[in-house]
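J.:
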DNA sequence: CTTAATGCAAAGGCTTTGCAGAGAC
DNA sequence: GTCTCTGCAAAGCCTTTGCATTAAG
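Chains as they are written, first to last, in the numbering used here: chain A, 2 to 143; chain B, 2 to 143.
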């Protein structure tokens, strides 16, 4: 029913980064730790910037943005486009879908592997499928 | 198989705007005309700005942005979030889904009413469904 | 020493806002 | 004349970039 949510240790994060050709510097590990620490809830660059700067040692905004861009480009994480004002970064690169809480601005995984999209028409011959994103938008009510 | 694509005359656009409580000024009609003229392909605010300024009489950028925002808020059109760099405006407010061509930056309707999303889990009790967006991303290949 | 990464500040791109001038009735 | 709309320019966000400084081996 639910995909198992794996938690990543620093060691595993380092292996993961190396496996994607990314040199695991202190800052990069700090950033990845935030994303991989709660894999079913996703953060924006600014969220990560704040989280990573809660502790004693900080990371600059430029490094946060550049690192998230790098990790997305290398396939360690993926961007999720759900809100016109910011990009969310998802540490799960396997196909799955999302709930977007428009009231709170929170993006989280739909933790079910039962979601299916059917009836899609075929693509033009000169086009390749990049992916299918399903975003279920919900609003909090009192 | 295909939803019938209706084309709107200026008269119909005016009726539509009035029906949503929007005073149909010259500029607003010019803007709506671009969106409703090709209902299955969608434009960003800047696209509309350019289109509307191809002719002799122009519309300012502020008015284009404000008008699109107004029409979205009043439910004449809807925003589609498919690209992190810009918002697309869709004149079709009925439930349907989209192809996003990441190579060309083009958003268009999936013109099939057969697309279905199944297996969605139930929502939290204090949440209401806003909508389900399916975006099929494709890349052009040579 | 040499290459790579970080961080500050400035610049960019999309969008919103303040406000004065123009238009509608 | 009053209310609304338009448009210019400035400001606001989020994100990227240039470049000097610092870290790594």
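Glycine included, C-beta positions come from ideal geometry on N, C-alpha and C. In this text the structure is predicted, and so the values were computed from the model without any measurement.
By the three-class DSSP mapping on this structure, what secondary structure does residue 9 of chain A have?
T.: For the purposes of this step, residue 9 of chain A is taken as the residue at position 8 of the first chain. Reduced to three states, the DSSP call for residue 9 of chain A is coil.
J.: Just to confirm the assignment, what range does the alpha helix (DSSP H) spanning residue 29 of chain B have?
T.: The sequence position of residue 29 of chain B within the second chain is 28, counting from 1. 27 to 38 is the span of the alpha helix (DSSP H), which, as asked, contains residue 29 of chain B.
J.: So the candidates are A:106, A:82, A:86; which of them puts its Cα closest to the Cα of residue 98 of chain A?
T.: In the first chain, the residue the question calls residue 98 of chain A occupies position 97. That would be A:82, whose Cα lies nearest to the Cα of residue 98 of chain A.
J.: With a threshold of 8 Å, are at least 3 pairs of Cβ atoms found where one atom belongs to the region 121 to 131 of chain B and the other to the region 94 to 111 of chain B?
T.: No, they do not touch.
J.: Are the region 21 to 36 of chain B and the region 55 to 75 of chain B touching by the rule of at least three beta carbon pairs closer than 8 Å?
T.: Touching, yes, given that three or more Cβ pairs across the two stretches are closer than 8 Å.
J.: For a contact defined as C-beta to C-beta under 9 Å, what are the partners of residue 121 of chain B on chain A?
T.: Locating residue 121 of chain B in the second chain gives position 120, where the first residue counts as 1. The contacting residues are 98, 111, 113, 115, 116, 135, 137.
J.: Checking contacts by CB at 8 Å: is residue 80 of chain A closer than that to chain B?
T.: In the first chain, the residue the question calls residue 80 of chain A occupies position 79. Output row for residue 80 of chain A: interface = yes.
J.: Under a Cβ-count criterion, where at least 16 other Cβ atoms within 10 Å of its own Cβ denotes burial, should residue 46 of chain B be classed as buried or exposed?
T.: In the second chain, residue 46 of chain B corresponds to position 45, counting from 1. Classification of residue 46 of chain B: buried, given that the 10 Å Cβ count is 16 or more.
J.: Kindly identify the DSSP beta-bridge partner or partners of residue 105 of chain B.
T.: Here the question's residue 105 of chain B lines up with position 104 in the second chain. DSSP output for residue 105 of chain B lists no bridge partner at all.
J.: For the alpha helix (DSSP H) that contains residue 69 of chain A, what are its first and last residues?
T.: The residue you call residue 69 of chain A lines up with position 68 of the first chain. 62 to 74 is the span of the alpha helix (DSSP H), which, as asked, contains residue 69 of chain A.
J.: Under a three-way DSSP split, which group does residue 115 of chain A fall into?
T.: For the purposes of this step, residue 115 of chain A is taken as the residue at position 114 of the first chain. Three-state DSSP puts residue 115 of chain A in coil, outside helix and strand.
J.: Assuming residue 137 of chain B and residue 133 of chain A are in contact, meaning their beta carbons sit under 8 Å apart, how far apart are those beta carbons, in whole angstroms?
T.: Your numbering for residue 137 of chain B matches position 136 in the second chain. Your numbering for residue 133 of chain A matches position 132 in the first chain. Confirmed, about 5 Å.
J.: Do you know how far the Cα of residue 31 of chain A is from the Cα of residue 52 of chain A?
T.: Against the first chain, residue 52 of chain A aligns to sequence position 51. Against the first chain, residue 31 of chain A aligns to sequence position 30. Those two C-alpha atoms are separated by around 10 Å.
J.: Quick check on residue 35 of chain B: buried or exposed, where buried means 16 or more other Cβ atoms within 10 Å of its Cβ?
T.: Against the second chain, residue 35 of chain B aligns to sequence position 34. Answer is buried; the Cβ neighbour count reaches 16.
J.: Determine, using beta carbons only, whether residue 103 of chain A comes closer than 8 Å to chain B.
T.: By 1-based counting over the first chain, the position of residue 103 of chain A is 102. Closer than 8 Å to some Cβ of chain B, the Cβ of residue 103 of chain A qualifies, so yes.
J.: Just the C-alpha distance for residue 80 of chain A and residue 90 of chain A, rounded to the nearest angstrom, thanks.
T.: One-based indexing of the first chain puts residue 80 of chain A at position 79. One-based indexing of the first chain puts residue 90 of chain A at position 89. Taking the straight line joining both Cα atoms gives about 5 Å.
J.: Chain B partners of residue 142 of chain A, CB-CB under 8 Å?
T.: Numbered from 1 along the first chain, position 141 holds the residue referred to as residue 142 of chain A. Result: 127, 128, 129.
J.: Do you know whose CA, among A:68, A:12, A:13, lies nearest residue 28 of chain A's CA?
T.: Numbered from 1 along the first chain, position 27 holds the residue referred to as residue 28 of chain A. Among A:68, A:12, A:13, the Cα nearest to that of residue 28 of chain A is on A:68.
J.: Would you call residue 96 of chain B buried or exposed, if buried means 16 or more other Cβ atoms sit within 10 Å of its Cβ?
T.: Start at 1 with the first residue of the second chain, and residue 96 of chain B comes out as number 95. Exposed, by the Cβ-count rule.
J.: Spell out the partners DSSP gives residue 134 of chain B in its beta bridges.
T.: Reading the second chain from its first residue, position 133 is the one you call residue 134 of chain B. Answer is A:136, bridged to residue 134 of chain B.
J.: Could you tell me which of B:87, B:50, B:62, B:93 sits nearest to residue 76 of chain B, measuring between CA atoms?
T.: Your numbering for residue 76 of chain B matches position 75 in the second chain. The residue with the shortest Cα to Cα distance from residue 76 of chain B is B:93.
J.: Residue 83 of chain B touches chain A at which residues, Cβ-Cβ below 9 Å?
T.: On the second chain, residue 83 of chain B is found 82 positions in, with the first residue counted as 1. Going along chain A in sequence order, the residues near residue 83 of chain B (Cβ under 9 Å) are 82, 134.
J.: Considering just the uninterrupted stretch of the beta strand (DSSP E) at residue 51 of chain A, what are its terminal residues?
T.: Along the first chain, read from residue 1 onward, the residue named residue 51 of chain A stands at position 50. It is not in any beta strand (DSSP E) - residue 51 of chain A instead sits in the alpha helix (DSSP H) that spans 46 to 53.
J.: Taking all protein chains shown into account, do 16 or more other C-beta atoms lie within 10 angstroms of the C-beta of residue 49 of chain B, making it buried, or fewer, making it exposed?
T.: As a first step, residue 49 of chain B is located in the second chain; it is residue number 48 there, counting from the start. Residue 49 of chain B is buried by the Cβ-count criterion.
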